[in-house]
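Sequence lines, in order, name chains A and B.
All residue numbers for the first sequence refer to full-length UniProt numbering, where the first residue is 1 and numbers rise by one.
All residue numbers for the second sequence refer to full-length UniProt numbering, where the first residue is 1 and numbers rise by one.
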Amino acid sequence: MMKKYMFALLIVAAIGNIKTVQAQKAAYETSVDGVKVIVQPSGNDIVEIQTIIKGGVQNYTAEKMGIESMAMNALTECGTVKHDKNAFKDILDKVSATVYGYSNKNYSVVRMNCIKSDLDVVWPLYVEAMTQPRFDAKEFARIKTDAITQLKSLDSRPDNAIDKFADKVAFVNRDYAKDPMGTVDILTKLTPEETKAYYSSIFTKSRLLIVVVADLDQATIEAKVKAMLDGVKKGPAFTFKKASFKVYKNSINVEQRDLATNYVEGITSGPIPGTEDFDAFNVAMRIFANRHFLDVRTNNGLSYAPQAWFSVGQTSTARFSVSTTQPDKYIAVFDKLVDKVKTEGFKPEEVANMKVTYLTGFYYKNETNSAQASSIASNEVLFDNWKRSLTLVDDVKKLTVEQVNNAFKTYINNIVWVYQGDPKKVNQILYINGTLNKGENGVSH
Amino acid sequence: MTRNLIKTLTLSVIGVFSFCFAIAQPRLPEGYFWKKLPNGLEVVVIENSKVPLATIEIAVKNGAYTEGPEFSGLSHMFEHMFFKANKDYPDQASFLKRTQELGAIWNGTTDVERVNYFFTFDRDSLSAGLKFMNAAIRFPIYREEDMKKERPVVDGEFQRAESDPGFQLWYGIQQKLWGDLITRKNPIGIHEVINTATPEKMMVIKNKYYFPNNSLLTICGDVKHDAAFAMAEKIFGDWESSGFNPHEKYPIPAFKPLTKKEYFIKETTIAQTPSMQISWQGPSYLTDSASTVAADLFGTIVGLNSSKLQQALVDKGLASSVYVNYTTSKYVGPIDMGIEPNPTKLKECYDEVINQISLWAKDDYYTDEQLKDAKAILMRNSIHRKEKPSTLASQLSYQWCSTSLNFATDLDSNYQKVTRADIKKFVDTYIIGKPYAAGLIISPDLSKQLNAASFFVAK
């Protein structure tokens, strides 16, 4: 078994798209009782199936955040009408299969993964979890306690805590401020009855999408899905809402934490999925991430893990983060770096090289059935076009340096900064006014 | 007759060589090919055409276990410097630029018994990638100015870890478990050593461990083994052997057995919910490889939902999760039991943990069916582990450093052969009645409220 703590220098491109891998047949889509089913033949003996419930944070009010996540967890942790929790889990253990649900800001996923020869054992449990969940009161009380413990545990981890803090500050009064995991107060009050009723309201054909990555024939898939959907309500028509995000002035929010280092994160705007600038901005942020690494870490030794990335969702944003003992030096380096890119642009070879890296990342990210299913799901939910993944490499190849530069200039402006650590280490004025001393333009990062 | 004799002798010689070669060839799974270059560099090619990529990795038998206190953390520092300057790429900017030209996804890790470096790129870049790797592994330049910049980066990695309660708990356990030899188990090292690292110390590490006869080159992906071997030999063939076995020349001191139970409570405001860990000194591959296999089975059994452990703790709401994991190691691997307790039932949870451990020696602690299920899980896990081609090299090199290629190849079938007696031997030898290190990380308020010190103590 592997080590718990391994110290790594890590740069892995995060690619949010899919490409049919070499040994696989072409993907296709079909429709069963009005629900879209996307199938990617896998070329291996592993079966990955994901049922997506669209909506995420737009499905509930801020007062009820956490309810969808609890519902997803309850599907498998509270048992089903036919199997209590232990019986359900014991059967899965015997074939080392995975069945569980989880929520993110854009959608929920009920996932199953097994070896193909175990499908007849696992599939009925997967269907039961979604269509006949028990919401057993005793088990619900248990998972509620665990969810609260988990919430606190995650907040004890600085990388997770700074992300959540940034969301809370940047998206105040917007859907994206909602934490799918909820709060201790909200979770404490949730009842199994209320959560079950909520689940029943969102588990409708109108919100569903099913993704299959497996070597199963179409007739088998359609027959299984049809049986699963039998009895599932059609539900009201559903529209996935996308929202843009713009920052009108720099700001910084500081939270004191007794950490061995300090965490800084900035959020600013990014193009909505499906807009013209999207791919160009994606490439721009990847190149910027390389420069950010080189300047912050290599040239100035300011952070082990400087990161810059394009966070894609209903509300898409650009993000920058570091852990550092010298936050004020970081902001000075950051400002100069952004100014340089905006003034001089990216070099043609940087854009050309990133196109090559993009291709490597395409295949690298999608070596597993699970990763492929997740990519298909996100492309379909966020772009309403899973096939985009098949054309994306060519689309990226066509991008010009000018498009990439313009996208960066358009979206990288004022920034919402958040900070956790020692407040005495950070001069907030530098984050608000900028460090370039360029007169009226100085506030723009 | 003379001609016949010569022929016979020649054939005999060839036969002897072939026989020796056959013995030297390790057992490997289908699609894996092995070759040892004259300089001692072992090369494994894994043919896997799932995606049109190639992953190359060099693993070196180096890491925390080679470090006394004065070098603690420097195998890791060395790993960072690998990605800096070398004779072909004289500064990190040009090094990084080259990774971008290759479209590479890259990584390096430092663990207790292995340091590895790997790059994934388009299959057509294999030769260029190997040349890039060759320059970095053989011809690094440790510039003082680079080290000055990298010291706070590595120390920053340490500080990031220290900001996480999970690391603080783990680190406290290591201090208790390994005593004076903790540096041999702690890859991240000591702040002061990191912050005073010099190019000279890097050269010491290079001259002790960075030789072909202490390294494994793995080429994995959409490649052909003959061509890959030829490239490897052409590029790495003139890398000179050290002429000595570093692990004979610089032996690893034996870990001293724990003599008594060691408890600690770490109070910190960053632990918003408590965590517990109990660890034992487990088997060594060198002296008891059978128990390393049994240990994995035991951990899998107690991880089953139906196990007495999960039912007593998780099902009853005393803990959110509990696991028992053994880390396969050449030199005394730890057996770790991690518990996320229900904060409102901390004492009850702890008491039940201790009770469960006391039951592990009993024959009826698990059923035959659970043993069978655990074996089936490990068999299926093997299929899942092979799903991602870019991870195959690292899986193999972990075993190459800590066990052997034969052990790795036979592991899945050996799991299926484990008996109750094997597991009993493992539990009796390493756990039952043996001293352990136990740690609790908790917020000061909760610790005071629950009077954790009153029950979380050695008895």
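In this text, a Cβ means the ideal position worked out from N, Cα and C, and glycines have one as well.
Open item on the list: Under 7 Å, CB to CB, which of the residues in the stretch 44-55 of chain B have a partner in chain A?
Closed with: S49, K50, V51, P52 and L53
TODO: Identify the continuous alpha helix (DSSP H) that holds G338 (chain B) and give its terminal residues.
DONE: Taken as a continuous stretch (DSSP letters only), G338 (chain B) belongs to no alpha helix (DSSP H), being part of the beta strand (DSSP E) at P334 to P341.
Open item on the list: Just verifying my parser: in three-state terms, what is the DSSP assignment at L28 (chain B)?
Closed with: coil
Task: DSSP state of D335 (chain A) mapped onto helix, strand, coil - done: helix
Open item on the list: Going by the DSSP bridge assignment, what does K35 (chain B) pair with across the sheet?
Closed with: B:V43
- [ ] Using three-state DSSP, classify I278 (chain B) as helix, strand or coil.
- [x] strand
Open item on the list: Between which residues of its own chain and V12 (chain A) is the CB-CB distance below 6 Å, once the five residues before and five after are set aside?
Closed with: Residue placement at V12 (chain A) is poorly supported in this model, since its pLDDT is 38, which falls under 50; the coordinates are not used for a value here.
TODO: Classify G221 (chain B) as helix, strand or coil using the three-state DSSP reduction.
DONE: strand
Open item on the list: By the three-class DSSP mapping on this structure, what secondary structure does N290 (chain A) have?
Closed with: helix
Open item on the list: I believe V223 (chain B) touches S72 (chain B) by the beta-carbon criterion, under 8 Å. Please report the beta-carbon distance rounded to the nearest angstrom.
Closed with: Not a contact, Cβ separation roughly 38 Å.
TODO: Look at the alpha carbon of S269 (chain A) and the alpha carbon of T429 (chain B), and state the distance between them as a whole number of angstroms.
DONE: 59 Å
Open item on the list: Could you compute how far the alpha carbon of I270 (chain B) sits from the alpha carbon of L259 (chain A)?
Closed with: 7 Å
Open item on the list: Check this for me: beta carbons of P212 (chain B) and G40 (chain B), under 8 Å apart or not?
Closed with: yes
Task: Under the three-state DSSP convention, the category K54 (chain A) falls into - done: strand
TODO: Tell me, please, which residues DSSP counts as bridged to T315 (chain A).
DONE: Answer is none; T315 (chain A) lacks a bridge partner.
TODO: Using a Cβ cut-off of 8 Å (strictly closer), state whether L125 (chain A) contacts chain B.
DONE: no
Open item on the list: Please report whether the beta-carbon of S323 (chain A) lies at a distance below 8 Å from any beta-carbon of chain B.
Closed with: yes
Open item on the list: What does the alpha-carbon distance come out to for the pair K302 (chain B) and E57 (chain B)?
Closed with: For clarity, residue 302 (chain B) is Val in the given sequence; the question names Lys instead. V302 (chain B) and E57 (chain B): Cα-Cα distance of roughly 34 Å.
- [ ] For Y419 (chain A), decide whether its Cβ has a neighbour in chain B, counting only Cβ atoms nearer than 8 Å.
- [x] no
Open item on the list: Residues in the same chain with beta-carbon distance under 6 Å from D445 (chain B), minus the five sequence neighbours each way, listed in chain order, please.
Closed with: none
TODO: Taking only beta carbons into account, state which residues of the stretch 169-194 of chain B come closer than 8 Å to chain A, listed in chain order.
DONE: W170, P187 and I188
Open item on the list: Which same chain residues end up closer than 7 Å to E77 (chain A) when comparing Cβ atoms and leaving out the 5 residues on each side of it in sequence?
Closed with: K85, E139 and I143
Task: Residue interval of the alpha helix (DSSP H) (run including G103 (chain B)) - done: G103 (chain B) -> no alpha helix (DSSP H), and no H or E assigned at all.
TODO: In angstroms with no decimal places, state the Cα-to-Cα distance between G103 (chain B) and N414 (chain A).
DONE: 31 Å
Open item on the list: If I measure Cβ to Cβ from K208 (chain B) and keep anything under 7 Å in the same chain, skipping five residues before and after, which residues do I get?
Closed with: P246 and Y250
Open item on the list: My output table needs one value for C114 (chain A): the three-state DSSP class, helix, strand or coil.
Closed with: strand
Open item on the list: Please identify, using Cβ separations under 8 Å, the residues of the stretch 63-83 of chain A that lie next to chain B, in order along the chain.
Closed with: none
Task: Inter-residue spacing [alpha-carbon to alpha-carbon] between F383 (chain A) and A74 (chain A) - done: 29 Å
- [ ] Measure the beta-carbon distance from N262 (chain A) to P327 (chain A) and round it to whole angstroms, keeping in mind my assumption that it falls under 8 Å.
- [x] 5 Å
Task: Residues in the stretch 339-351 of chain B having any Cβ partner in chain A nearer than 7 Å - done: E340, N342 and P343
Task: Residue span of the beta strand (DSSP E) that contains A373 (chain A), given as start and end - done: No beta strand (DSSP E) contains A373 (chain A), which is instead part of the alpha helix (DSSP H) from N369 to F383.
- [ ] At 7 Å on the CB atoms, spell out the chain B contacts of K89 (chain A), in chain order.
- [x] N305
- [ ] Can you pull the chain A residues whose beta carbon is under 7 Å from the beta carbon of F121 (chain B), in chain order?
- [x] T360
Task: Where E402 (chain A) falls, given that 16 or more other Cβ within 10 Å makes a residue buried - done: exposed
TODO: Check whether the Cβ atoms of S156 (chain A) and Q159 (chain B) sit closer than 8 Å, and answer yes or no.
DONE: no
Open item on the list: Less than 8 Å between the C-beta atoms of residue 461 (chain B) and N214 (chain B), yes or no?
Closed with: Lying before the first or after the last residue shown, residue 461 (chain B) is absent from chain B, which here runs from 1 to 459.
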